[in-house]
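Remarks on the structure that follows.
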DNA sequence: ACCGTGGTTAGCTTTC
DNA sequence: GAAAGCTAACCACGGT
């Protein structure tokens, strides 16, 4: 059995290559479409975000500063945790359990 | 009121935003929160997509090839051809068969 | 002049396509080789780093903890700066220059 | 002695490492610094690479195509063919011309 | 309209 | 062999 065929999963018999457009093809297409749908929704959300920024800009806010703030706010919690962790890391690194 | 105000990072005193920026500070915070909510939803969708790929992989599909396929389906046929042509031109320029 | 030709730079006359393997081809190849050489050196350094970790592991250190430490140490300076910056960002975001 | 100790991050007291881990602490610090030096050099090379691409771009080359080319040159011809074959198989499976 | 920057995603390497 | 972390390419946004 060739490598290529082996990479085409949904068949257990020797019909793989002929199965083009068949069951495995339908399954593949279905998966691709699910991904594509989700990506559309994701794009829609990205657009919503843009709208919020546009609105903000329209009322005088600094969009660039806002983006940086969003980023910092996201980092804040984990940052704090990491900071508190560092000495512990040194200890564990040198085997001071 | 909300925990949102309390989560305002640069603040040991939850009144600081209002004190500093007054109405604009409240408005800013509201905008940031709207963005953050949308970004959470976006992340959730990204996770869903990953799951689909994981499922595909679990049933034997080649995820890398699937990604290439998604990309091709999304790409304008015209543009695809152009890019390939440049690549071929460069190949022949350096004597790459 | 076709789009493809336009993307092949080192010719000012109508010899572009025929120049395959010519001056522009040599120039292109030279650039590619420079990149490839640099990438080799980069890979060599990556290997050196691996060796250090291997040595550390061999003398009983916790490599995973070391990696996290490296990461944290790198983040430390910028982190501090950002933290001090956040209120300023809020101010600029709301136009309190 | 060295400024390295002073740069030890989790420390308000530069003797803390030695106090905490003794000899192992000093050894650990030395290892971390070796790694950090190597990483700096690696970053410098990455910058050099960027410069080459910038230069290429400045003389009219298509950087994106160059990157694809570098990748192809690095890739085993065999593997390249295999991946393309899987892609073609998938295409025909979903009826993509 | 272009350039530069920043964010996101994919691929690779290494580890368990 | 799977999972995670790291790195690098791609893309999209904002500013000039």
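Chains as they are written, first to last, in the numbering used here: chain A, 336 to 432; chain B, 336 to 432; chain C, 336 to 432; chain D, 336 to 432.
Ideal Cβ placement from N, Cα and C applies to all residues, glycine included.
Q.
Is the beta carbon of residue 391 of chain C closer than 9 Å to that of residue 363 of chain B?
A. no
Q: Can you give me, in chain order, the residues of the segment 362 to 377 of chain C that have a beta carbon less than 8 Å from any beta carbon in chain B?
A: 363, 364, 367
Q: Check the Cβ of residue 387 of chain B against every Cβ in chain A and list those closer than 8 Å, keeping chain order.
A: 366, 369, 370, 373
Q | Proximal residues to residue 397 of chain C (C-beta, below 6 Å), its chain only, five neighbours per side dropped | A | none
Q) Between the Cα of residue 408 of chain D and the Cα atoms of C/431, C/372, C/357, C/406, which residue gives the shortest distance? A) C/372
Q) So does the segment 401 to 417 of chain D actually touch the segment 410 to 429 of chain C, counting three or more Cβ pairs closer than 8 Å? A) no
Q) Would the C-beta of residue 382 of chain A count as close to the ligand NAP, meaning under 8 Å from any of its heavy atoms? A) Ligands displayed in this structure: none; no statement on the ligand NAP is therefore possible.
Q. When DSSP labels each residue in this structure, what does residue 394 of chain A get in the three-state scheme?
A. coil
(Q) I'd like to check one pair, residue 403 of chain C with residue 424 of chain A: are the Cβ atoms closer than 9 Å? (A) yes
Q. Are the CB atoms of residue 370 of chain A and residue 387 of chain B nearer to each other than 9 Å?
A. yes
Q.
According to DSSP, is residue 418 of chain D part of a helix, a strand, or is it coil?
A. helix
Q. Residue 384 of chain D and residue 411 of chain C: beta carbons closer than 9 Å?
A. no
Q. Which word fits residue 426 of chain D, buried or exposed, when buried means at least 16 other C-beta atoms lie within 10 angstroms of its C-beta?
A. buried
Q) Quick one: which chain B residues come within Cβ less than 7 Å of residue 429 of chain C? A) 356, 359, 360, 363
Q. For chain D, is any of its Cβ atoms less than 9 Å away from the one on residue 418 of chain C?
A. no
Q. What does a CB cutoff of less than 6 Å around residue 337 of chain C pick up in its chain, not counting 5 residues either side in sequence?
A. In this predicted model, residue 337 of chain C has a pLDDT of only 43, less than 50, meaning its place in the structure is not dependable; the value taken from the coordinates is given anyway. Same-chain partners within the cutoff: there are none.
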